[in-house]
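A.B. asks: So that we are looking at the same thing, I have put the structure below in C-alpha cells.
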Amino acid sequence: MRKPCCDKQDMNKGAWSKQEDQKLIDYIQKHGEGCWRTLPQAAGLLRCGKSCRLRWINYLRPDLKRGNFAEDEEDLIIKLHALLGNRWSLIAGRLPGRTDNEVKNYWNSHLRRKLINMGIDPNNHRISCKNPPLQNAANTLHSSASSGSKENAKKNEPTKPNHDGEKSCDLVSDAASGLEDESHSLPDLNLDLNISMPSPFPCVPKDNQKPILESEARSDPHFFSSPTLVLFQ
DNA sequence: AATATACCCAACCGCACCCAG
DNA sequence: ACTGGGTGCGGTTGGGTATAT
Numbered sequence: 052m053r054k055p056c057c058d059k060q061d062m063n064k065g066a067w068s069k070q071e072d073q074k075l076i077d078y079i080q081k082h083g084e085g086c087w088r089t090l091p092q093a094a095g096l097l098r099c100g101k102s103c104r105l106r107w108i109n110y111l112r113p114d115l116k117r118g119n120f121a122e123d124e125e126d127l128i129i130k131l132h133a134l135l136g137n138r139w140s141l142i143a144g145r146l147p148g149r150t151d152n153e154v155k156n157y158w159n160s161h162l163r164r165k166l167i168n169m170g171i172d173p174n175n176h177r178i179s180c181k182n183p184p185l186q187n188a189a190n191t192l193h194s195s196a197s198s199g200s201k202e203n204a205k206k207n208e209p210t211k212p213n214h215d216g217e218k219s220c221d222l223v224s225d226a227a228s229g230l231e232d233e234s235h236s237l238p239d240l241n242l243d244l245n246i247s248m249p250s251p252f253p254c255v256p257k258d259n260q261k262p263i264l265e266s267e268a269r270s271d272p273h274f275f276s277s278p279t280l281v282l283f284q
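Position in the first sequence (from 1) plus 51 gives the number in my numbering.
Written out as C-alpha cells, the structure reads:
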C-alpha cells in the first residue's frame, strides 16, 4: 500500500473557508497550476495537494460555468454517456465550463432518474423491461421529467434506484456496446456523434486536459469522422 | 411546529495511470 | 525493465437544505 499523498495530521478537511479559497486563488494566479503536492505549503494552506487541486478544478477555476445545465447540455451528457459510459472527465471535456464532478453529480441526481422515468436503463441506455417507456418518452426529455421533477421521481421510482437492480431487456453491461443498436435504446435521440477536432479536441488537449486515448477513439467509429460535433439535427 | 425523509452537491478516498530517474 | 512519486479519475460519503408527514 502506498503512502497517503500527504500527512493527514494537521491538515484541514471538509468545507473550504473564504480565506482558504482566496489563498488558493491568489497563489495560482501568481504562479499558475503547478505541483499540487507542494502548492499547499507554498500557498500557506493546511490542505493536502489533492484537496487543493479538487477545489480549484471543481469550484474556483475562473472559466467555470456554474448554474443549471441547459437542455442541450443535458442531451449531450446523455449521448456521451451512452457512448463513453461513466468516463465523466471525458464527458465533461466536451462541456465547456463544466467539471467531471459536476457532470457526475448531475447525472446521478437528475439524468439517471430522467432516463428511468422514460423507461430507459441508464446503465446501458436500453429500454428497460421493468420500466417500459412512457409514451413519447423522448419528447418528455425536456418537459415532464426535467430537472427538479421530484414529484415524478417519487411517483415513478423507488427511492433509491439500485445500480444493478434494474435489469434491462438484454444484458449489455458495457454502455458503449449499447450503441451497436442505438435505435432501440434511445428513441428519437440522435446519437450520431461526429466528433473530431473543433480546435483542441480530441488530438490536441487543452492545457490541463487529457486527450482521448487513441485506443478509446479507435474503438469508437464516430470519432475522427468529421470536423464538427453534430448533435442536434 | 416538530420531526422524518429525500435530495443535492462539495469533498474525500483509494485505485490506476503516467513518467522521470 | 523496474520503481516510486505525482496526478487524474470514478465511486462514495457527509452535511446542509428542501419537502413531506
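Virtual Cβ for every residue (Gly too), placed ideally from N, Cα, C.
Is A133 near H161, with beta carbons less than 7 Å apart?
C.D. replies: Taking the first sequence and counting its residues from 1, the one referred to as residue 133 is at position 82. Taking the first sequence and counting its residues from 1, the one referred to as residue 161 is at position 110. Their beta carbons are not under 7 Å apart, which means A133 does not touch H161 by this criterion.
A.B. asks: In whole angstroms, give me the CA-to-CA distance for R112 and L97.
C.D. replies: Taking the first residue of the first sequence as position 1, residue 112 is located at position 61. Taking the first residue of the first sequence as position 1, residue 97 is located at position 46. Rounded to the nearest angstrom, the gap between the Cα atoms of R112 and L97 is 20 Å.
A.B. asks: For D77, does the three-state DSSP call read helix, strand or coil?
C.D. replies: Position 26 of the first sequence holds residue 77. In this structure, D77 counts as helix in the three-state DSSP scheme.
A.B. asks: Indicate whether the contact test is met: 3 or more Cβ pairs, each with one atom in the region 73-90 and one in the region 122-130, closer than 8 Å.
C.D. replies: no
A.B. asks: Under the rule that 16 or more other beta-carbon atoms within 10 Å means buried, what is K64, buried or exposed?
C.D. replies: By 1-based counting over the first sequence, the position of residue 64 is 13. Exposed, because fewer than 16 other Cβ atoms sit within 10 Å of the Cβ of K64.
A.B. asks: So is P91 buried or exposed if we call it buried at 16+ other beta carbons inside 10 Å?
C.D. replies: Start at 1 with the first residue of the first sequence, and residue 91 comes out as number 40. The Cβ neighbour count for P91, taken over all protein chains shown within 10 Å, is at least 16; the residue is labelled buried.
A.B. asks: Find the nearest neighbour of G100 within the set A66, Y110, P147, T89, judged by alpha-carbon distance.
C.D. replies: As a working note, residue 100 is residue 49 in the first sequence. Here the closest residue by C-alpha is T89.
A.B. asks: Mind checking C86: buried by the 16 CB within 10 Å criterion, or exposed?
C.D. replies: As a working note, residue 86 is residue 35 in the first sequence. By the neighbour-count rule (16 or more Cβ atoms within 10 Å), C86 is not buried but exposed.
A.B. asks: Within the region 75-143, note down every full alpha helix (DSSP H) run reaching 4 residues or more, in order along the chain.
C.D. replies: 90-94, 100-106, 122-135
A.B. asks: What separation, rounded to the nearest whole angstrom, lies between the Cα atoms of W67 and M169?
C.D. replies: Locating residue 67 in the first sequence gives position 16, counting from the first residue. Locating residue 169 in the first sequence gives position 118, counting from the first residue. About 38 Å.
A.B. asks: State the Cα-Cα distance for the pair I142 and I108, rounded to the nearest angstrom.
C.D. replies: One-based indexing of the first sequence puts residue 142 at position 91. One-based indexing of the first sequence puts residue 108 at position 57. Across the structure, I142 and I108 are spaced so that their CA atoms are roughly 15 Å apart.
A.B. asks: Taking only three categories from DSSP, how would you classify A66?
C.D. replies: Against the first sequence, residue 66 aligns to sequence position 15. Three-state DSSP puts A66 in coil, outside helix and strand.
A.B. asks: Taking only the alpha-carbon atoms, compute the straight-line gap between L115 and E153 and give it to the nearest angstrom.
C.D. replies: Here residue 115 refers to the residue found at position 64 of the first sequence. Here residue 153 refers to the residue found at position 102 of the first sequence. Each residue's alpha carbon lies about 10 Å from the other.
A.B. asks: Which of helix, strand or coil does DSSP assign to R145?
C.D. replies: Locating residue 145 in the first sequence gives position 94, where the first residue counts as 1. Looking at R145 - three-state DSSP - the assignment turns out to be coil, as it is neither helix nor strand.
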